[in-house]
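Protein chains in written order, with the working numbering: chain C, 1 to 215; chain V, 216 to 430; chain U, 431 to 645; chain R, 646 to 860.
See structure below.
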């Protein structure tokens, strides 16, 4: 394969494909729990209080749907941000991305489990473990793509690359810590710990974009 | 991030991703109720009248599918029209879009509920509330994107921006009004009110495109 | 909207969106019947003959899946061919496309019905009716887009436009004829009639591409 | 169709469409088995050991999901690699691609079957047969597209084209051999044979990319 054109193709083929597959999996994962919602069958006559009480029994499924949408949505935003710097991809990046998506598609199930048995330690630890694993693969994706500016713009500075790497590390580190924590404190504290994480990420994001506009 | 190229990427990354995710969620939501349709099992011998009567018992599910397709289809058209003016996106727009899609994916369920208990006030009010919420987020998306021509063409005139904003406001305002209305009038009037909305939107759309061609 | 750029956007916005939504619906419709396939539970010990006989009871579902894939796949090819000539789209084309997709998503269900009760007239007539309706909308899409070269290349000749229109008309006309036919002849003849249609379309397609290469 | 532009359109229309449909089917197939995972309902009080033992009964479904993700993911990578060299498509390539996707969408079912009855010969042979068929269509796709550089870059050398063809042939040949093998040796050896295949493909891939960088 001596032709430059063909090598170029062979090396950087199909970033569009990787993103199309990812968005398909995200769209599916984000709407998956809608399939759980079923219109309740009433035994008596249909009236406002009857329907309200039937729907209130479905409330846990709605909560599931919202949390799942929220969590998968955050990962989508993170995926979108990381890949916005990536110019081309190769077979290794595509495989790492598949390994990341594996855990995204599992997230609705573990959200569901968390919601039903949220006061028990195991589901809380498993949810955190799945999120930590997803976060690890996202970090590895960035590390692999940015190493020696392999798949990103050659002009991107080492300092900026490291900043994004550190940002990616926050989620897996916090989730791994919370796995350990779940053995010692009540599960409600662990979930409060996760909320702290989201607040932290949001603040850092805002500070970062302010810095960017001050540059 | 001193390089112009990288700032550009960081700010306006991924409008294509936002649209790809949206179209995936729309495609899923639009075809979701097909999963409800099941071929009836007949007890006696299969004949025309037997199958016809079995299928007629499935008629409410077909109605559901058609209404759901219609309603989600209208939101897709509205999403497509609004985003046709948007040139780039940022993290905030992507998040607002996720919050909009959340209600789109819920629409098939509430259509279903409406169809089964359409003569009771609660399902009618809930359906209107879900549509109003979706409409609010669509309006906020446009307001955020068009504010100071932030994410749209710099050449777009303030007057045209306001016209689109007003157009976006019609749906949430009418649906919110119909929630109030549902407490006082029979549900069939509320649903007639919605049909008026669709007729109004269509007339305004046609007038607007005539104006555009007269310009 | 005096600016040419904005009018351009308003008129021809979002052909990419229309195609993305269509491909999402097609992908979903084409794989939908896979969800029907379930691994059989055996009562006795698992052995080759036991599993073979259990799978053979699932054979109708496999047939369904194959026919559905085949039929929806043919519509996808037709959609792809028609839209390959279309350069821009507008609100009307997007709406017509939605009305076409409505019947595509219903096709797996009617294939299923046909497969279970294929020797009864009603399911055969309904299947043909759904296909004829899809074909009508595809024809209307082409008629609307090609009328005065509205949404296609200005260089396309009236003669070529008419040739494609006639080609699009074959499927709805044949399917409508077969609805009438189904009242008079056994259903197996009607299905043989459909096969003739596919053969006819294939021959015409090959002749057409030969003509194109002789030009 | 005398105009060059129109012939160009007619011949090479819609590679983007073919890839969009493929990625949709892949995304659906890759996440399909997630739908099988259900949160267990406990009879007693919810505690760590109770939930752990309930989840362990779901373990086969998790294994299914992982294997399915892995197998479909490998086909996606292969599809992506082959199509990275293809510049345009035509009706025949689009049809061949549909015939390939047919078996991809079936893979989750046969993975499932394999997992439940993995110690019986029939499911092992059927799984290998489905994979061999998918591999055959992938090979035919490459053969058709690369024949006389029909749909690929005119600069690609005959030698490189043959190398990719041989690489595509490995999977169907090995899977067909394993069908024969399954009649004579225990199923666990057949599955070990498949692992050898994956190792072989990986080694060849690495050697190939080393060769490319040495060019």
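Beta carbons are placed, not taken as given, at the ideal position from N, Cα and C, and that holds for glycine.
Buried or exposed: where does residue i fall if 16 or more other Cβ atoms within 10 Å of its Cβ makes it buried?
| i | result |
| --- | --- |
| residue 186(C) | exposed |
| residue 754(R) | buried |
| residue 155(C) | exposed |
| residue 97(C) | buried |
| residue 481(U) | buried |
| residue 219(V) | Low confidence applies to residue 219(V): its pLDDT is 35, below 50, so where it sits in the model is not reliable, and the reading given next is rough at best. The residue in question, residue 219(V), is exposed, as its Cβ has fewer than 16 Cβ neighbours within 10 Å. |
| residue 200(C) | exposed |
| residue 172(C) | buried |
| residue 516(U) | buried |
| residue 790(R) | buried |
| residue 195(C) | exposed |
| residue 127(C) | buried |
| residue 619(R) | Any question about residue 619(R) goes unanswered here, given that chain R covers just 646 to 860. |
| residue 813(R) | buried |
Say whether chain C places a C-beta atom closer than 7 Å to the C-beta of residue i.
| i | result |
| --- | --- |
| residue 729(R) | yes |
| residue 219(V) | At residue 219(V) the pLDDT is 35, less than 50, meaning the model places this residue with poor confidence and gives no usable figure here. |
| residue 413(V) | no |
| residue 807(R) | no |
Within the 7 Å Cβ cut-off, does residue i reach chain V?
| i | result |
| --- | --- |
| residue 575(U) | no |
| residue 578(U) | no |
| residue 601(U) | no |
| residue 51(C) | yes |
Would you kindly work out how many angstroms separate the C-alpha atoms of residue i and residue j, rounded to a whole number?
| i | j | result |
| --- | --- | --- |
| residue 160(C) | residue 197(C) | 22 Å |
| residue 246(V) | residue 184(C) | 46 Å |
| residue 593(U) | residue 572(U) | 11 Å |
| residue 232(V) | residue 451(U) | 14 Å |
| residue 543(U) | residue 553(U) | 6 Å |
| residue 569(U) | residue 524(U) | 14 Å |
| residue 445(U) | residue 34(C) | 29 Å |
| residue 66(C) | residue 111(C) | 10 Å |
| residue 833(R) | residue 476(U) | 16 Å |
| residue 330(V) | residue 488(U) | 33 Å |
| residue 287(V) | residue 177(C) | 42 Å |
| residue 25(C) | residue 305(V) | 22 Å |
| residue 633(U) | residue 493(U) | 25 Å |
| residue 699(R) | residue 121(C) | 15 Å |
| residue 499(U) | residue 389(V) | 42 Å |
| residue 106(C) | residue 635(U) | 45 Å |
Could you work out which residue in the options is closest to residue i when comparing CA atoms only?
| i | options | result |
| --- | --- | --- |
| residue 381(V) | 350(V), 231(V), 336(V) | 350(V) |
| residue 733(R) | 722(R), 797(R), 822(R), 824(R) | 797(R) |
| residue 408(V) | 396(V), 418(V), 419(V) | 396(V) |
| residue 275(V) | 251(V), 256(V), 335(V) | 251(V) |
| residue 674(R) | 774(R), 687(R), 719(R) | 719(R) |
| residue 44(C) | 271(V), 318(V), 352(V), 332(V) | 332(V) |
Any beta carbon of chain U sitting closer than 7 Å to that of residue i?
| i | result |
| --- | --- |
| residue 241(V) | yes |
| residue 645(R) | Because chain R in this structure spans residues 646 to 860, residue 645(R) falls outside the shown range and cannot be described. |
| residue 284(V) | yes |
| residue 421(V) | no |
| residue 779(R) | no |
| residue 833(R) | no |
| residue 252(V) | yes |
| residue 754(R) | yes |
| residue 732(R) | no |
Residue i versus chain V: which residues are under 9 Å apart at the beta carbon?
| i | result |
| --- | --- |
| residue 20(C) | 235 |
What does residue i touch in chain V if you count any residue whose Cβ is under 7 Å from its own?
| i | result |
| --- | --- |
| residue 73(C) | 313 |
| residue 158(C) | Per Cβ cutoff of 7 Å: no residues; residue 158(C) is ~12 Å from chain V at best. |
| residue 459(U) | 246 |
What residues from chain R crowd round residue i, counting only those whose CB sits closer than 9 Å?
| i | result |
| --- | --- |
| residue 180(C) | Within 9 Å Cβ-Cβ: nothing; residue 180(C) doesn't reach chain R, min ~16 Å. |
List the residues of chain C whose Cβ lies closer than 9 Å to the Cβ of residue i, in chain order.
| i | result |
| --- | --- |
| residue 417(V) | Within 9 Å Cβ-Cβ: nothing; residue 417(V) doesn't reach chain C, min ~28 Å. |
Would a check of beta-carbon distances place residue i closer than 7 Å to chain R?
| i | result |
| --- | --- |
| residue 14(C) | yes |
| residue 102(C) | yes |
Could you name the residues of chain R that residue i contacts, counting a contact when the two beta carbons are closer than 8 Å?
| i | result |
| --- | --- |
| residue 477(U) | 765 |
Check the Cβ of residue i against every Cβ in chain C and list those closer than 7 Å, keeping chain order.
| i | result |
| --- | --- |
| residue 331(V) | 39 |
Residues of chain U with CB closer than 9 Å to the CB of residue i, please, in chain order.
| i | result |
| --- | --- |
| residue 293(V) | Those within 9 Å of residue 293(V) in chain U number zero; the least Cβ separation is about 10 Å. |
| residue 249(V) | 458, 459, 462, 535, 536, 538, 539 |
Residue i touches chain R at which residues, Cβ-Cβ below 7 Å?
| i | result |
| --- | --- |
| residue 113(C) | 684 |
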